[in-house]
Ligand SMILES: Cc1ncc(C[n+]2csc(CCOP(=O)(O)OP(=O)(O)O)c2C)c(N)n1
Ligand code: SF4
Ligand SMILES: [Mg+2]
């Protein structure tokens, strides 16, 4: 049972069961929480408002289970399908005006450091591709140039899903959508490469199909952002509605798109500073294991 996360007594009788379970049996304050804990609680309440089978919901659940320090994490969202989920997750979160998310996160991270000097506070931006690479690109890049210490996660569904399927910079070349009938004229913007060149110390591109991989990447990204510099994760969360797939077909779509040679094949970039930080962590873990067995 969580000590720091409590429900106000006045509200207990109106809270959804998922929230009550979360406080009673959730993994907050557990140092080794991860996707293996699925089933003990639901960090994203089951009756969320995304389309049935939307891969954004799977990705959200994998991420929520993997955040290393949820009780001291603030997430910053932006307008889009992702913002339908934020009212239903059990982590502090702020909704920002479309595109402003990395500017808001910058101020928040700095303010939290002043307000809570003795406590580690993690900030995680989670926004769609339209918010990250189109309308918010200026704010995204400026936060990376300045080496602001937070993680940016882009749910890349390669279009503007929430407004009916307009073209985004991350859409594939030639793709036709309901509100982009001419077809995309230029290549998918290479945001992972731009992130690396703009100062990110850790960058990963992937799908949400493998919970263990999502866990590893999220933990690395959050810890590197805490200690070294900005981190960026781009996750393919296909909009099944716009690409004409059934609710059960999202997982296969992600698997197909992460095959060798495909655009979401797992890739990561780790700066030398981030690598030596990760090596130090691994050494520490090894030493703790040896100490525990002797
Ligand atoms: C300042 C502003 N501009 C435009 C919009 C309209 N709008 C709402 S959601 C959206 C698209 C979101 O696309 P994306 O960021 O890719 O998220 P998705 O819905 O695909 O998850 C747009 C253009 C808005 N709400 N606010
Ligand atoms: S419109 Fe697409 S991205 Fe949005 S909830 Fe539905 S399937 Fe998911
Ligand atoms: Mg999108």
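In the UniProt record's numbering, the protein residues as written are 1 to 294. Yeah, the Cβ is synthetic: ideal placement off N, Cα and C, and Gly gets one too.
In the displayed model, residue 54 falls within coil according to three-state DSSP, outside both helix and strand. The DSSP assignment places complete alpha helix (DSSP H) segments of no fewer than 4 residues inside the segment 106 to 182 at 137 to 145, in order along the chain.
One alpha carbon belongs to residue 161, the other to residue 138, and they sit about 21 Å apart. The secondary-structure analysis by DSSP pairs residue 267 across a beta bridge with 205. Here residue 218 carries a helix assignment [DSSP, helix/strand/coil]. In this structure, the beta-carbon distance from residue 41 to residue 18 falls below 9 Å.
Residue pairing for residue 48: DSSP places it in no beta bridge. In the displayed model, residue 73 falls within a strand according to three-state DSSP. Beta-bridge partners assigned by DSSP to residue 234: 154, 205. Remark: the C-beta of residue 54 is outside contact range of ligand 3, defined as less than 8 Å to any heavy atom.
Straight across, the Cα-Cα distance linking residue 276 with residue 35 is about 26 Å. Its chain contains 158, 169, 170, 171, 172, 173, 263 as the residues whose beta carbon lies nearer than 8 Å to that of residue 188, once the 5 sequence neighbours on both sides are disregarded; these appear in chain order. Judged by DSSP secondary structure, residue 89 falls outside any alpha helix (DSSP H); it is assigned neither H nor E. In this structure, the beta-carbon distance from residue 135 to residue 99 falls below 9 Å.
Going by beta carbons, residue 24 and residue 3 fall outside the 9 Å limit.
Between ligand 2 and residue 79, a heavy atom-to-CB distance of less than 8 Å is absent. Note on residue 146: under 16 other CB atoms within 10 angstroms of its CB, so exposed under the neighbour-count rule.
Sequence-distant partners of residue 37 (beyond 5 residues in either direction) whose C-beta falls short of 7 Å from its own C-beta, in its chain, are 27, 65.
Short of 6 Å from the beta carbon of residue 151, and not among the five residues preceding or following it, lie these beta carbons of its own chain, in chain order: 124, 221, 222, 225, 231. Residue 143 is not a Cβ neighbour of residue 85, given a cutoff of 9 Å. Take residue 133, set aside five residues on each side of it, and the residues of its chain with a beta-carbon closer than 6 Å to its own are 169, 170, 189, 191, in chain order. Three or more Cβ pairs drawn from the segment 71 to 90 and the segment 115 to 129 lie within less than 8 Å of each other, which places the two stretches in contact.
For the pair residue 243 and residue 167, the Cα-to-Cα distance works out to about 13 Å. Annotation for residue 166 indicates a beta carbon within 8 Å of some heavy atom of ligand 1. In this model, residue 290 and residue 92 are separated by some 37 Å (Cα to Cα). Boundaries of the alpha helix (DSSP H) harbouring residue 289: 272 to 293, taken from the DSSP string.
Assigned with DSSP and collapsed to three states, residue 67 falls in coil, not helix or strand. Residue state for residue 7 is assigned as coil, using DSSP reduced to three classes. CA-to-CA, the gap between residue 53 and residue 234 works out to about 20 Å.
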